[in-house]
Each structure stands twice: as structure tokens, then as C-alpha cells.
Amino acid sequence: MRDLNYYHENTYVLCTSMQVLMETIVFENLGVRVIEVPNPVKIPGVDMSKYPKLDIVVDEPDEAMCARRNSFYQELKPLYELLSYYDQYHSLRSHILHPDIYVTSKVVGIIDYEYSTTLIDYELNSYMNVRLDSIIQIDNTFEKEKKKLMYLAIFTPTTSDLHTLLKETLKRSKVFWSLMNAENKKMSILYFKQIDHLIDLANKEKPDPEALEVLRRELTRLFYTLKLNFELLGVY
């Protein structure tokens, strides 16, 4: 691992990610394991036993494990639901700005991808009035999408607010810190210091686009990590 001073000096490089911290808790404490299984692929002359596949196994829980899993879910459920709104807003807004990007890379007249990404990141960290002003300008070809976006614009917290809510949620958590090992506790403290600094950069009069992007990616990864882990644990 790099010296911790490296992360103090490199603003946009995080010492870890909330995705990794959550996965560590689930795989070390909540009865989820990765095992090696025989590789079904057969290649003449190649010993495939040297290249096993990885599979996820979820242990049958006892009463105590059920309680831990349920507590993990209940503590993070409110945040997860808001992250779902956030992900929907990001996905729908991305589709409207470049609807053909998933079909072909040779799109004529498409808005610059980097510019559109920055614009969406700015909207995600803006409050309702800014979002609605932007949505109103969308072409009426996307009338159905505009209506849904307006709903999401009202109820989706900003990027900064979601990171703050995450920190407050984990600060109050009875499960998160109790299941985390000493090394990850140390990393998580540095992680939140880095996130707080990025939030300051993102909320300046002239927002830092790279800070906005790092913050948004962290939330997106966390959402899909929680979604998968809740499904694995059978609590969602």
C-alpha cells in the first residue's frame, strides 16, 4: 500500500473506496465467501485445473447471523433508497444528452461527451431549482423522460449531501464499525477526510469538475455494491 502522505498530496486519488469497505464487511463478517471451482472450459493440451473459476457462496445463517445481516440492511436502507434516485437521475440524464452513444461511436451532431458528463455531474450536485431550469430546456422529443426527471430532480439529494448522509449514517451505525478491522477503520477515517476536501472543491463558486466526477463515481459504485450485497444476503 502507498504511504498515507501520498493520498494527502494527491487530491483525486482516494486511499480506498466505500465499495471496498462494504465488500470487506460482507465477505469477512456476514457469511459470504469466494471459493475456487473447476473451470468448465476445456482446451486441448491445457491443464485447466491451474485456472479455476471463482464463485460466491452464501452460508446458511444462524439466528445471530440473521440479526447482523438484517441490522446491516436496515441501517443502510434509507441511504440505499436515495442512492437509487441518484442513479436513476444520472442514467436518464445521460441517455437524454447522448441517446445514441450505446448504439454507435460514430454519432453525428452528438454533444461532446466530456462536456455532457461535466454538465450532469454539476446538475447532480445542484439543488432542485437549478436542475429544473436545465430540464425545462430539454427537447420535447423526450417528454416522458422530462416528466420523470422533474420528479427525480425534486427528491434526489445532491452529490455532496449524499456523501454527508453516508458519513452520518456510518457514524451512527452499530454494525459498520463493530465489524470493521483496525486497518480499514484507519483507512475509512482518511477516506472521509479526502471526501470532505473534494466536497469543498465541488461546492466552490466555480465547481471543480474532477472532484465532482470522483464523488459521483463513488456513489454510483456504492449503490451497485449495496444492491448486489443485499441480494446475496437475502435481505432485499
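Per full-length UniProt numbering, the sequence shown starts with residue 1, numbered consecutively.
Even for Gly, the Cβ is constructed at its ideal location relative to N, Cα and C.
Just so it is clear, the structure is predicted and the values come from calculations on it, not from any experiment.
With DSSP as the reference, please indicate the residues paired to residue i in a beta bridge.
| i | result |
| --- | --- |
| D55 | I35 |
Residue i to residue j, Cα distance in whole Å?
| i | j | result |
| --- | --- | --- |
| E210 | K167 | 21 Å |
| G31 | K193 | 30 Å |
| P207 | S178 | 36 Å |
| T169 | Y80 | 11 Å |
| N29 | H197 | 31 Å |
| S91 | N181 | 35 Å |
| L233 | K204 | 40 Å |
| R172 | L76 | 11 Å |
| Y86 | I154 | 11 Å |
| L212 | I43 | 46 Å |
| M65 | D59 | 10 Å |
| E9 | N39 | 43 Å |
| D139 | N129 | 18 Å |
| D47 | L54 | 17 Å |
| D200 | V41 | 50 Å |
| K147 | R131 | 12 Å |
| V13 | A202 | 15 Å |
| Y51 | G45 | 13 Å |
| R217 | I195 | 12 Å |
Beta carbon of residue i, beta carbon of residue j: below 8 Å?
| i | j | result |
| --- | --- | --- |
| Q74 | L222 | no |
| S134 | E123 | yes |
| L97 | S116 | yes |
| M22 | T225 | yes |
| M187 | T11 | no |
| I25 | F176 | yes |
| L149 | Y191 | no |
| P78 | R69 | no |
Grouping DSSP H, G and I as helix and E and B as strand, with all else coil, what is residue i?
| i | result |
| --- | --- |
| C15 | coil |
| Y73 | helix |
| L30 | coil |
| Q88 | helix |
| E205 | coil |
| Y6 | helix |
| Y151 | helix |
| P78 | helix |
| S126 | coil |
| D121 | helix |
| E60 | coil |
| Y224 | helix |
| V41 | coil |
| I96 | helix |
| S160 | helix |
| Y115 | helix |
| E50 | A small correction: the amino acid at residue 50 is Lys; Glu does not occupy that position in the sequence shown. K50 falls in the helix class under three-state DSSP. |
| V235 | coil |
| residue 244 | In the structure as shown, the chain begins at 1 and stops at 236. Residue 244 is therefore absent and cannot be evaluated. |
| N181 | coil |
| Q137 | coil |
| K174 | coil |
Measure the beta-carbon distance from residue i to residue j and round it to whole angstroms, keeping in mind my assumption that it falls under 8 Å.
| i | j | result |
| --- | --- | --- |
| V37 | F27 | Contact flag wrong, Cβ pair sits at about 17 Å. |
| R93 | I136 | Actually they do not touch by this definition, with Cβ atoms about 13 Å apart. |
| T159 | L215 | 5 Å |
| L219 | L162 | 6 Å |
| K174 | S71 | 7 Å |
Against chain B, with Cβ distances strictly below 8 Å, would residue i count as a contact?
| i | result |
| --- | --- |
| L152 | As a matter of chain content, chain B is missing from the structure shown, which is built from one protein chain. |
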